[in-house]
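Here's the structure we're looking at; comments come further down.
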Amino acid sequence: MRRDTNARDSSGCAAAAPAFTSSLPEAIHVSDYVLHESELKIVDGKREEIKAQPNTSLVILNFKLPLFTPILWQQAGSLRLCADGGINRLYDELPGMFPGEDPDDVRRRFVPHIIKGDLDSARPQVLAYYKQLGAEIVDMSKDQDTTDLHKCINRILLDTGHGSSITPSPIPASPSSLPEPTAVPQTSSTTTTTNTNTTTTTTNTSTNANANTNGAEPTIITPTPSSSSPPNSTPDPPSSPPVPQLQETSSTTPVPRPEPPALPLPDQPQPKALLPAMVVRPDHRVIVVGSLGGRMDHEFGNVNVLHRFRHVSIVLLSEDCQLFLLPAGWRHVITPHPQWEGPHCGLIPVGEPSHGTTTSGLKWNLSNTPMRFGGLVSTSNLVVAPSVVVESDVDLVWTCAVTYPPPTKY
42 MRRDTNARDS SGCAAAAPAF TSSLPEAIHV SDYVLHESEL KIVDGKREEI
92 KAQPNTSLVI LNFKLPLFTP ILWQQAGSLR LCADGGINRL YDELPGMFPG
142 EDPDDVRRRF VPHIIKGDLD SARPQVLAYY KQLGAEIVDM SKDQDTTDLH
192 KCINRILLDT GHGSSITPSP IPASPSSLPE PTAVPQTSST TTTTNTNTTT
242 TTTNTSTNAN ANTNGAEPTI ITPTPSSSSP PNSTPDPPSS PPVPQLQETS
292 STTPVPRPEP PALPLPDQPQ PKALLPAMVV RPDHRVIVVG SLGGRMDHEF
342 GNVNVLHRFR HVSIVLLSED CQLFLLPAGW RHVITPHPQW EGPHCGLIPV
392 GEPSHGTTTS GLKWNLSNTP MRFGGLVSTS NLVVAPSVVV ESDVDLVWTC
442 AVTYPPPTKY
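Per this note's numbering, residue 42 is the first one in the sequence shown, and the count goes up by one each step.
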């Protein structure tokens, strides 16, 4: 960013305070999840337990996992998913975060509910290992038009009762027109365990619907019963005629499932038309680790998922950076973690140029300032207030540095 661009106006005088639009609804972004055990209180000589948050899901992708992954895992009280090769990372890297403990004991404590993707990176022996521990494995190799992260977000929306893909696609007229799912052969392993991590989702893994945005039918592997699978409950009745969806069951014949009702949109007018299945989700957050670093095309794919699910709260998180989308049409109030985030930050118009963005709380604020690639982009900015306020006419990517000391224990 050209750091003098917004410090003074064209006459050389100090720039006026930014003017915000009073009619916009407010979106609050608070990094209230625990990242380090030093944040936990000491009670009777022991650190307090990390509480599972029923409104938080965790997705693990196939890149280096941050050291605070176990802490995020314990807080993800909704769903825990591995996207394809992310299961290799879980298997290989989690034991190293618990030195001195038996690796298999560690792995048995961290069993995901679902492993989903085209499964071209996940090692077969690792899939077999977690299948024996109760993980559900969904092969989406016939769908090569969406990323593994996209597939996982679709599943989270279905299992939490808030619609399916944001991309309309033809839906089969009846379940009988669908081919039967193919089961992966059973392994000879007899290892069993019980996962005691708390989960609070709305459907059982044996009855959850699998979003398929491109007409490709998934290969379903039904897990053995385990407490690592989400508990069963009955979804609310739909407010509109049911839409057939693929349903993952122990039967070989898929059955239709009604589409859950969407949450109501805010009463305030929205400057951008929302796609039918996109809903504002202030009540649920998806944290994605292994999503930053490595191949640039993967990172762009992950940022694209933020835009495709622009009204779902998705946070891409690493030990160096946090990144999420600020949809247009809202006054965004961002409160970075006071200990681990900042001060370096940026506002990036990835999808399209901004004709006017206004901020407060930054060292170099914007005042109805245009931004575009090939012109001004607010990078290397600094957070100088407890909260940052952002308004823009387009969706922006917010990025903020994370400074993380190694944990002593979990």
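Beta carbons are placed, not taken as given, at the ideal position from N, Cα and C, and that holds for glycine.
Spatial neighbours of Leu423 within its chain, please: CB distance less than 6 angstroms, with the 5 preceding and 5 following residues excluded, ordered by chain position.
Pro384, Lys404
DSSP three-state call for Pro283: helix, strand or coil?
The pLDDT assigned to Pro283 is 38, lower than 50, so where the model puts this residue is not dependable, and the model offers no usable value.
I need the straight-line Cα distance from Leu316 to His339, nearest angstrom please.
Unreliable placement is indicated for Leu316, whose pLDDT of 30 sits below 50; no coordinate value is reported for it.
Cβ atoms of Pro165 and Cys123: under 8 angstroms apart, would you say?
no
Should Ile112 go down as buried or exposed, given a rule of 16 or more other Cβ atoms within 10 Å for buried?
buried
Could you spell out the range, first to last residue, of the beta strand (DSSP E) harbouring Asn345?
Where Asn345 is concerned, there is no enclosing beta strand (DSSP E), although the alpha helix (DSSP H) it sits in stretches over 337 to 349.
Those runs of the alpha helix (DSSP H) which lie wholly inside the stretch 154 to 190 and span at least 4 residues
165 to 173
To the nearest whole angstrom, what separates the beta carbons of Ala442 and Cys386, a pair I think is in contact under 8 angstroms?
With a beta-carbon spacing of about 7 angstroms, Ala442 and Cys386 fall inside the 8 angstroms limit used to define contacts.
So who's on the other strand from Thr440, going by DSSP bridges?
Leu364, Gly387
Cutoff 7 angstroms; reference Gly126; Cβ partners in own chain excluding five residues on either side:
Asn103, Ser162, Ala163
Based on Cα-Cα distance, which residue from Gly158, Val84, Pro144, Phe365 lies nearest to Val179?
Gly158
Cβ-Cβ separation, Glu382 to Ser64 (assumed contact under 8 angstroms), whole Å:
Their Cβ separation, rounded to whole angstroms, is 30 angstroms, which puts Ser64 and Glu382 out of contact at 8 angstroms.
For Phe109 and Leu76, the rounded distance between their alpha carbons
6 angstroms
Buried or exposed for Ala117, going by 16 or more other Cβ atoms inside 10 Å?
Its Cβ being crowded by 16 or more others within 10 Å, Ala117 is buried.
Just the Cα atoms here: how many angstroms apart are Asn409 and Pro144?
Roughly 54 angstroms between the two C-alpha positions.
Host beta strand (DSSP E) of Ile128 (start-end)
Where Ile128 is concerned, there is no enclosing beta strand (DSSP E), although the alpha helix (DSSP H) it sits in stretches over 127 to 134.
State yes or no: is the C-beta of Cys193 within less than 8 angstroms of the C-beta of Val100?
yes
8 angstroms contact criterion, which Val374 and Ser428 should meet: CB distance rounded:
5 angstroms
Going by C-alpha distance, which of Thr440, Gln115, Asn406 is nearest Glu89?
When each option's Cα is compared against that of Glu89, the closest is Gln115.
Does the distance from the CB of Leu388 to the CB of Leu366 come in under 8 angstroms?
A distance of 8 angstroms or more separates the beta carbons of Leu388 and Leu366.
Continuous alpha helix (DSSP H) stretch holding Val147: start and end:
144 to 150
Assuming Ser359 and Pro107 form a contact by the criterion Cβ under 8 angstroms, report the distance between their Cβ atoms to the nearest whole angstrom.
6 angstroms
Does Asn96 come out as helix, strand or coil in the three-state DSSP assignment?
coil
Rounded straight-line distance, which links the Cα of Phe341 to that of Pro394
17 angstroms
Using 8 angstroms as the threshold, is the C-beta distance between Asp436 and Arg372 below it?
no
Give the straight-line distance between the Cα atoms of Val330 and His191, rounded to the nearest whole angstrom.
Approximately 14 angstroms between the Cα atoms of the pair.
How is Gly397 classed by DSSP in three states: helix, strand or coil?
strand
Short of 7 angstroms in beta carbon distance, which residues of its chain neighbour Pro368, apart from the five on each side in sequence? Order them along the chain.
Arg351, His352, Asp436
Ala470 classed as buried or exposed, judged by whether at least 16 other C-beta atoms fall within 10 angstroms:
One cannot answer for residue 470 here, as it falls past the ends of the chain, which runs 42 to 451.
Identify every residue that forms a DSSP beta bridge with Ile83.
Arg88
At the level of alpha carbons, what is the spacing between Gly402 and Ile355?
Cα-Cα distance, rounded: 23 angstroms.
When the distance is taken between beta carbons, is Pro95 closer than 8 angstroms to Ser79?
8 angstroms or more divides the Cβ of Ser79 from the Cβ of Pro95.
The alpha helix (DSSP H) with Thr110 in it runs from where to where?
First-last of the alpha helix (DSSP H) with Thr110: 110 to 116.
Just the C-alpha distance for Phe139 and Lys172, rounded to the nearest angstrom, thanks.
Cα-Cα distance, rounded: 23 angstroms.
Please classify Ser182 as buried or exposed, where buried requires at least 16 other C-beta atoms within 10 Å of its C-beta.
exposed
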